[in-house]
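Numbering (our numbering), first residue to last: 19 to 498.
Ideal placement from N, C-alpha and C gives every residue a C-beta, glycine not left out.
I have placed the structure first, in the form of structure tokens, so that the comments after it can refer back to it.
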Ligand code: BG6
């Protein structure tokens, strides 16, 4: 059923090398690829198949989670073709079609195609247009699906335009909008933790929760991605997609069942209720920053005003979450690489032990590099004195950093091959997150920034700390 030719636009790019090809290698190693399968990688560069395969072999050696094995590589390389083509030129799609016919027959893919757009967003619409004009979107007795990398558009308007094109050509059911965070193990675990336990859900609300903190920090800078990042910044690159998806899983109501649409219906309701939306509130509750050495990165303007850090205080305006702050931060060149969610509970209303030091209960979900759930609570320190100490119960799925859990892309590619769209974003999720983000970007346009404003290797600008200090709170840095 899931045999297909996987057609990658952007075959020589960073994503293909670092994520897609290593994911295919790991899938073939585990015997999970469909029986009839081939890859056609499309790039502008004039490369022979051999030269292309050499590049891919190097990236698999560098980025795959399984060690390189000649036997596995031989199996995979026989499925990979390189096609040089200018994907803005319609005439070349006729030739592509002939080539795909040849590959389909040779590899028994039943004429099913999955087009993966791993190119800069400004090329999405021309590729989709040309595929449709060449009838490469046909669904008669086979499937043609399209997978789109984020960012889906640059703002609400461009996302609407792009979406219309894609839906016209492929239909919503064949459109897979990738947000690779949704493929991460612990994000899939959030719903299980909340809805498969009777312990957490009754206290998952304003009466018991004091605050939620979400941190996605990276130690790397922008590296070779300057030209993309200058047009994106942290708000589009991380918040519009990954972090709002994560937040909606934490904040959503219980879906009526686990069907993709029921889950997405609830996530969308969260995105519709996000605050701040007014200019004054945005100014008060959102802080941006830029690391010191950003302006000397390749393809970055020496006067760039692109943010590499954002901290937000958000509110989900629903009865469940009234007045509970959600603090979110993300940035490059921070001290640690980590994604962590901290749910901090309120202190008991009537404290029997008010003469002793106790800490608030915390549920900590670690997404990466460690994966696990930790619950922090108070207990009596053994001994003759009355002393309270914080203790921890933990479920550590992956305590040894680097253990071999599947990469998000492996799961997402397999799901797309199998036609399961649960872990992909539905159009209205993208729409409402852009609505929210657009208001922020617009309000920033009139403001002066004083960039760069944080040292490389620190937790962002001082204003990010002040944002919480105004509420009598601090960022919880787990290594502390
Ligand atoms: C990507 C962003 O979507 O996610 C990158 O474009 C970021 O800027 C990356 O580095 C982070 O992903 P992960 O899986 O390493 O947390």
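query: At least 3 beta-carbon pairs within less than 8 Å: the stretch 40–47 vs the stretch 80–98; result: yes
query: Opposing strand residues paired with residue 235 [DSSP bridges]; result: 349, 356
query: Distance between residue 314 and residue 160 (C-alpha atoms, nearest Å); result: 49 Å
query: Range of the contiguous beta strand (DSSP E) that encloses residue 386; result: 380–386
query: Contact check, residue 429 vs residue 241, beta carbons under 7 Å; result: no
query: For residue 131, three-class secondary structure by DSSP; result: strand
query: Boundaries (first-last residue) of the beta strand (DSSP E) holding residue 333; result: 327–334
query: For residue 234, the nearest candidate out of 247, 257, 226 (CA to CA); result: 257
query: Endpoints, the beta strand (DSSP E) within which residue 101 is located; result: 98–102
query: Three CB pairs or more closer than 8 Å across the stretch 169–182 and the stretch 441–449; result: yes
query: Identified DSSP bridge partners for residue 229; result: 362
query: Residue burial classification, residue 238 (beta-carbon count within 10 angstroms, cutoff 16); result: exposed
query: Whole-angstrom distance between residue 119 and residue 351, CA atom to CA atom; result: 46 Å
query: At least 3 beta-carbon pairs within less than 8 Å: the stretch 481–497 vs the stretch 338–351; result: yes
query: Cβ-heavy atom distance, residue 433 to the ligand BG6, below 6 Å; result: no
query: CA nearest to the CA of residue 484, picked from 259, 305, 391, 103; result: 305
query: C-beta atoms of residue 390 and residue 415 nearer than 7 Å; result: yes
query: Status (buried if at least 16 other CB within 10 Å, exposed otherwise) for residue 139; result: buried
query: Bridge-paired residues (DSSP) for residue 37; result: Beta-bridge pairing links residue 37 to no other residue.
query: Cut-off 7 Å between Cβ atoms - residues of its own chain near residue 499, not counting five sequence neighbours on either side; result: Nothing can be reported for residue 499: it is not among the residues displayed for the chain, which extend from 19 to 498.
query: At least three beta-carbon pairs within less than 8 Å, the stretch 263–270 to the stretch 195–215; result: yes
query: Length-filtered (4 minimum) alpha helix (DSSP H) runs lying within the stretch 436–480; result: 445–463
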